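Under my numbering, think of the first position of the sequence shown as 5, with each following residue one higher.
A virtual CB, placed ideally from N, CA and C, is assigned to each residue, including glycine.
It should be emphasised that the depicted structure is a prediction, and the values quoted were computed from it without experimental measurement.
In what follows, a single structure is set out as structure tokens and then discussed.
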Amino acid sequence: MSRAEAAGAVRPVSPLWTFGLLRSELTTTFRRWRTLALLAVLAGVPVLVGIAVKVETSDGSSPGAGGGPAFISQITNNGLFLVFTALAATLPFFLPMAIGVVAGDAIAGEANAGTLRYLLVAPAGRSRLLLTKYATVVIFCLAATLVVAVSALTVGALLFPLGDLTTISGTQISFAEGLGRALLIALAVAASLIGVAALGLFVSTLTGSGIAAMATTVGLLITVQILDQIPQLHALQPYFFSHYWLSFADLMREPVYWDDLAKNLGLQALYAAVFGSAAWARFTTKDITA
5 MSRAEAAGAV
15 RPVSPLWTFG
25 LLRSELTTTF
35 RRWRTLALLA
45 VLAGVPVLVG
55 IAVKVETSDG
65 SSPGAGGGPA
75 FISQITNNGL
85 FLVFTALAAT
95 LPFFLPMAIG
105 VVAGDAIAGE
115 ANAGTLRYLL
125 VAPAGRSRLL
135 LTKYATVVIF
145 CLAATLVVAV
155 SALTVGALLF
165 PLGDLTTISG
175 TQISFAEGLG
185 RALLIALAVA
195 ASLIGVAALG
205 LFVSTLTGSG
215 IAAMATTVGL
225 LITVQILDQI
235 PQLHALQPYF
245 FSHYWLSFAD
255 LMREPVYWDD
265 LAKNLGLQAL
275 YAAVFGSAAW
285 ARFTTKDITA
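Shown next as structure tokens:
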């Protein structure tokens with residue numbers, strides 16, 4: 005650590021300075037063309053799904069006859085179901101891929117650009133900087149999920165009727181309650197991604213190449229999801245971070261079935277703690293040369 009870094013480590017850090025650092029990180033992240041392109045792709049998925057369902061049902065046939073995401077057969081009856089379908093369609097790959105790209109670039113991208121040492125000279129300290137990076141990725145998780153949900157709600161309202169909903173249990177709930185459930189589902193999906201965010205941040209501390217970190221994170225994501233589909237690994241699958249991702253569908257039951265949702269949130273918290281700690285241990289002892 006340089007003399008400037010050592011001096012910065014002992015100076016008290018104002019909470020306002022910390023907020024300014026987070027604001028700067030958020031501004032930098034959401035102004036990148038790569039980030040905007042990822043959000044545009046995510047927003048486009050519900051548009052494609054909605055148009056596909058509209059075209060398929062233009063002759064009066066039922067959608068999803070050949071299989072597909074949950075809720076797809078209900079979209080023509082109520083456009084709000086497009087929100088649930090779009091989240092189910094994007095959660096296995098598109099959403100976590102976007103999170104993996106942003107998280108993988110968090111530290112490695114700074115090192116590759118030669119700005120990491122500059123950030124550490126400021127009175128933040130490595131721990132505070134790492135925490136700010138993780139908070140930025142978590143906020144991106146929420147933003148990306150809401151982009152999918154809002155896009156789906158808009159397309160659903162334009163192409164299909166809206167009204168009371170029929171839950172998975174067969175009971176009727178009002179449209180207002182359905183909107184509340186949609187918001188809860190979006191929050192549950194965002195929370196399902198904090199484990200991937202921590203994993204990506206850890207990988208980002210292992211290399212000075214942003215591209216390598218992003219590729220490794222996305223590769224691990226794909227590998228885990230493949231392993232989660234192999235029957236012979238059923239004993240290990242409940243410990244994969246993706247295993248309970250689709251448990252958000254239980255929020256559309258009446259009453260809500262909380263068991264798998266609680267397991268998912270607990271598993272994500274465990275991954276966040278383990279890989280967050282690993283990222284901290286690596287980053288605080290790493291020799292920063294860029």
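*Going by the C-beta, is THR170 closer than 7 Å to any heavy atom of the ligand PLP?*
The ligand PLP is not among the ligands present in this structure, which contains no ligands whatsoever.
*Return the chain-ordered list of same chain residues with a C-beta closer than 7 Å to the C-beta of MET218, the five sequence neighbours on each side being excluded.*
On the sequence shown, residue 218 is found 214 positions in, with the first residue counted as 1. Cβ neighbours of MET218 beyond the five flanking positions: GLY104, VAL105, GLY108 and ASP109.
*asked:* Let me check understanding here. Comparing Cα to Cα, which of GLY160, ALA276, CYS145 and GLU181 lies closest to ALA202?
replied: If you number the sequence shown from 1, residue 202 lands on position 198. Closest by alpha carbon: ALA276.
*Is LEU169 helix, strand or coil when you go by DSSP?*
Within the sequence shown, numbered from 1, the residue matching residue 169 stands at position 165. LEU169: strand per DSSP, three-state reduction.
*Between the beta-carbon of LEU91 and the beta-carbon of VAL152, is there less than 8 Å?*
Counted from its first residue, the sequence shown places residue 91 at position 87. Counted from its first residue, the sequence shown places residue 152 at position 148. In this structure, the beta-carbon distance from LEU91 to VAL152 falls below 8 Å.
_Close Cβ partners of GLY167 (< 7 Å) along its chain, the five nearest in sequence each way excluded_ = Sequence index remark: in the sequence shown, residue 167 carries index 163 (1-based). Only ASN82 and PHE179 meet the Cβ criterion.
*Straight-line Cα distance separating GLY54 from GLY71*: Stepping through the sequence shown from its first residue, residue 71 is reached at position 67. Stepping through the sequence shown from its first residue, residue 54 is reached at position 50. Unreliable placement is indicated for GLY71, whose pLDDT of 49 sits below 50; no coordinate value is reported for it.
*How many Å lie between ILE111 and GLY212 at the Cα?*
Indexing the sequence shown from 1 puts residue 111 at position 107. Indexing the sequence shown from 1 puts residue 212 at position 208. If you take the alpha carbons of ILE111 and GLY212, they lie about 8 Å apart.
*To which residues of the same chain is LEU146 closer than 7 Å at the C-beta, ignoring the five residues directly before and after it?*
For the purposes of this step, residue 146 is taken as residue 142 along the sequence shown, with counting starting at 1. Cβ within range, chain order: ALA194.
*With a threshold of 16 other CB atoms inside 10 Å of the CB of THR136, please say whether the residue is buried or exposed.*
In the sequence shown, counting from the first residue as 1, residue 136 sits at position 132. The Cβ neighbour count for THR136, taken over all protein chains shown within 10 Å, is at least 16; the residue is labelled buried.
*Do the CB positions of THR221 and VAL207 come within less than 8 Å of each other?*
As a position in the sequence shown, residue 221 is number 217, starting the count at 1. As a position in the sequence shown, residue 207 is number 203, starting the count at 1. Yes, the Cβ-Cβ distance between THR221 and VAL207 is below 8 Å.
*Starting from the C-beta of LEU84, find all residues in its chain whose C-beta is less than 8 Å away, skip the five residues before and the five after it, and write them out in chain order.*
If you number the sequence shown from 1, residue 84 lands on position 80. When the five nearest sequence neighbours on each side are left out, the beta carbons in the same chain lying within less than 8 Å of the beta carbon of LEU84 are those of LEU157, GLY160, LEU166, LEU169, PHE179, GLY182, LEU183 and ALA186, in order along the chain.
*asked:* Can you give me the C-alpha to C-alpha distance between SER281 and TRP249, rounded to a whole angstrom?
replied: Numbered from 1 along the sequence shown, position 277 holds the residue referred to as residue 281. Numbered from 1 along the sequence shown, position 245 holds the residue referred to as residue 249. Rounded to whole angstroms, SER281 to TRP249 spans 23 Å at the Cα level.
*C-beta atoms of SER196 and ASN116 nearer than 8 Å*: Here the question's residue 196 lines up with position 192 in the sequence shown. Here the question's residue 116 lines up with position 112 in the sequence shown. Cβ distance not < 8 Å, so SER196 and ASN116 don't count as in contact.
*Whole angstroms is fine: what's the gap from LEU274's alpha carbon to SER246's?*
Numbered from 1 along the sequence shown, position 270 holds the residue referred to as residue 274. Numbered from 1 along the sequence shown, position 242 holds the residue referred to as residue 246. Between LEU274 and SER246, the C-alpha separation is close to 13 Å.
*Tell whether a beta-carbon distance below 8 Å holds between ALA253 and ILE177.*
Locating residue 253 in the sequence shown gives position 249, counting from the first residue. Locating residue 177 in the sequence shown gives position 173, counting from the first residue. Going by C-beta atoms, ALA253 is not nearer than 8 Å to ILE177.
*Identify which residue in THR32, ALA41 and ALA93 has its Cα closest to the Cα of PRO50.*
For the purposes of this step, residue 50 is taken as residue 46 along the sequence shown, with counting starting at 1. Closest by alpha carbon: ALA93.
*What are the uninterrupted segments assigned as beta strand (DSSP E) that are 3 or more residues long and contained completely in the segment 153-234, given in chain order?*
Counting only runs that start and end inside the segment 153-234, there is no beta strand (DSSP E) element of at least 3 residues.
*If you draw a straight line from the alpha carbon of ILE230 to that of LEU99, how long is it in whole angstroms?*
Position 226 of the sequence shown, counted from the first residue, corresponds to residue 230. Position 95 of the sequence shown, counted from the first residue, corresponds to residue 99. Approximately 17 Å between the Cα atoms of the pair.
*When you compare only the Cα positions, how much space is there between ARG257 and LEU86?*
Translated into the one-based positions of the sequence shown, residue 257 becomes position 253. Translated into the one-based positions of the sequence shown, residue 86 becomes position 82. Cα to Cα, the separation comes out at about 17 Å.
*Could you spell out the range, first to last residue, of the alpha helix (DSSP H) harbouring ASP254?*
To locate residue 254, count along the sequence shown from 1; it is residue 250. For ASP254, there is no enclosing alpha helix (DSSP H), as DSSP gives it neither H nor E.
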